[in-house]
Structures are given as structure tokens and as C-alpha cells.
Amino acid sequence: MTDLSESEGHADLVGLVRGELGTAEVLDASDHLATCTECRGDLVDTVVGHALLARSARTEEAAGRPLGEPALPAPTLPAPAPRDASWLRRTSPRALLAAAVVVLVVAVGSVVALTVGRSDPGVPTARVVSLAPITDAATNAVPGEARIRRDGRTAELTIVTDGLPVAGGGEFYQAWLLDPDTNKMLALGPLSGGTSRFQVDDDLLTAYSAVDVSLEADDGDPQHAATSVLRGSY
Numbered sequence: 105m106t107d108l109s110e111s112e113g114h115a116d117l118v119g120l121v122r123g124e125l126g127t128a129e130v131l132d133a134s135d136h137l138a139t140c141t142e143c144r145g146d147l148v149d150t151v152v153g154h155a156l157l158a159r160s161a162r163t164e165e166a167a168g169r170p171l172g173e174p175a176l177p178a179p180t181l182p183a184p185a186p187r188d189a190s191w192l193r194r195t196s197p198r199a200l201l202a203a204a205v206v207v208l209v210v211a212v213g214s215v216v217a218l219t220v221g222r223s224d225p226g227v228p229t230a231r232v233v234s235l236a237p238i239t240d241a242a243t244n245a246v247p248g249e250a251r252i253r254r255d256g257r258t259a260e261l262t263i264v265t266d267g268l269p270v271a272g273g274g275e276f277y278q279a280w281l282l283d284p285d286t287n288k289m290l291a292l293g294p295l296s297g298g299t300s301r302f303q304v305d306d307d308l309l310t311a312y313s314a315v316d317v318s319l320e321a322d323d324g325d326p327q328h329a330a331t332s333v334l335r336g337s338y
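Mapped onto our numbering, the consecutive letters of the sequence shown carry residue numbers 105 to 338.
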């Protein structure tokens, strides 16, 4: 039996069964198996070994062995008896490759199922929050709105402020997240035009409960200027 990894022109059978090869490499391996009896025999050993390991893992999990308890040593498998290579010549290499792919699909499917079971990003939700004028600076402004779309991991915050007066020279509007109970604020960024979008971590959005729009002087001071013009709770 040859080394199962690619060597001396033979196919990389381990990479093939594990799904580590690219499309071109898989096709090359298939063509090689069509002419190499030795590799076809090794492919059978690789598939069987993979199946035994997968079965052993499922059996141990089903037995409910306590976490941290040493596993029993793996039994030593007897060396495979010499095979008559004639049956390998009669077996289509495409059929052998298909068998390897079936084992790989089952293993990958189990991993995907476990991953999906552990990760639940939640159902995407969307809501619209009204941003009401709160100071004389916005007396002539119509309410704006904040559109919040959440998927359990990230949130997209779209702020619409078409009704705000044009900021004067050396001034700009800035969006913030606000916790009214503590007055803690987090700057999202300047508002550009009538609609601005911001990506926010969902946990960070949960730590606040309101959207604030302020009129800021372009003086390099990152702190809130205490001149809020729109605000709304979500």
C-alpha cells in the first residue's frame, strides 16, 4: 500500500475523502484512479477507515461518556489480508469514487447539522422609530425616522432626516446611540444628505435604547455638543 497522501504521481486520497481538494484536483484524481489499480485499492482502505472512525465517534457520543473521562484505547485492527486485485480491475473507478463521496457527504452533513444546531442567529426583524424635533433649532423641521433591521448578530440602522434645516457653515449633523437613563452616548457618524446608513453590532445596539441627532460644530471635539435636534426611543 502506498502513502495515502499525494506522492510519486499518485492521487491524494486523504485530501479527496476529506473534501480538501479543488475541483481540478478532484477531476485529476478521478482520471488517475481510472488507470492506477494500486490507488484504487488504497481508496477502498481510506473510505473504510474513514467510516470506522466516524462510526466510533458516534458510538462514543451515544454512550454518553462523561466529559473529561479518559477514552478507552482504540482496538488494534488487524492488517488487511492480501486481496485479489482482479476485483479492483472489474470495479469501475467512478463507482469507487462515488462511494468515497457518499462517505464524505454523510460526514460533512453531520458537521453542518451540529453547526446549525449551535448557531441560531434569529429571525430578521425590522421596525421604524420616529425621530421627533426636541429643540428650537429644529422648530421648522418635520420628524425624521430611524429604520432598524436586526438579524441577531448585526443591525443596520438607516436614519432619514429630510426635514432638517440645512446646517450652517462650520456645522454638521451627527447621529448617536443614547441611553437616556445614564446619558451615555455612542457616536455613529455624520449624517450625509437626507438618508444615512450605519452597521452596528446587535449587542451594542441592545446596550442603548434611543437614537439622537445633534447639531455639531466642526471644531474637532468628538464630544456631544448638547444641542440635540431629533430623538426617538426604540
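Note that the Cβ used here is the ideal one computed from N, Cα and C, for glycine as well.
- Look at Thr265 here: in three-state DSSP terms it is coil, with no helix or strand label.
- In this structure, Val315 places its C-beta atom within 7 Å of the C-beta atom of Gly336.
- With contacts defined as CB atoms closer than 7 Å, Leu334 and Leu235 qualify as a contacting pair.
- Spanning the alpha carbons of Phe276 and Ala250 requires a straight line of approximately 18 Å.
- When secondary structure is reduced to three states using DSSP, Val121 falls in the helix class.
- Judged by their CB atoms, Asp306 and Arg231 are not nearer to each other than the 7 Å cut-off.
- With contacts defined as CB atoms closer than 7 Å, Val264 and Gly274 fail to qualify as a contacting pair.
- Relative to the Cα of Thr286, the nearest Cα in the group Ala311, Leu319 and Gly324 belongs to Ala311.
- A distance below 7 Å between beta-carbons, with the five flanking residues on each side excluded, links Asp322 to the following residues of its chain, in chain order: Gly274, Glu275 and Phe276.
- Distances from the CA of Leu295 to each of Gly123, Pro269, Glu124 and Pro228 were compared; the closest alpha carbon is that of Pro269.
- Residue pairing of Val232 in beta bridges, as defined by DSSP: Arg251.
- With 16 or more neighbouring CB atoms inside 10 Å of its own CB, Arg144 falls in the buried class.
- Assigned with DSSP and collapsed to three states, Ala321 falls in strand.
- The C-beta separation of Leu292 from Ala279 comes to about 4 Å, placing the pair in contact by the 8 Å criterion.
- Taking 7 Å as the cut-off, the beta carbon of Gly267 is found closer than this to the beta carbon of Val246.
- When DSSP states are grouped into helix, strand and coil, Ser134 belongs to the helix group.
- Taking the CA atoms as reference points, Pro326 sits about 10 Å from Leu290.
- Looking at the backbone, the Cα of Gly256 and that of Pro228 are separated by about 7 Å.
- For Val315, DSSP records a beta bridge to Leu281 and Gly336.
- When DSSP states are grouped into helix, strand and coil, Leu295 belongs to the coil group.
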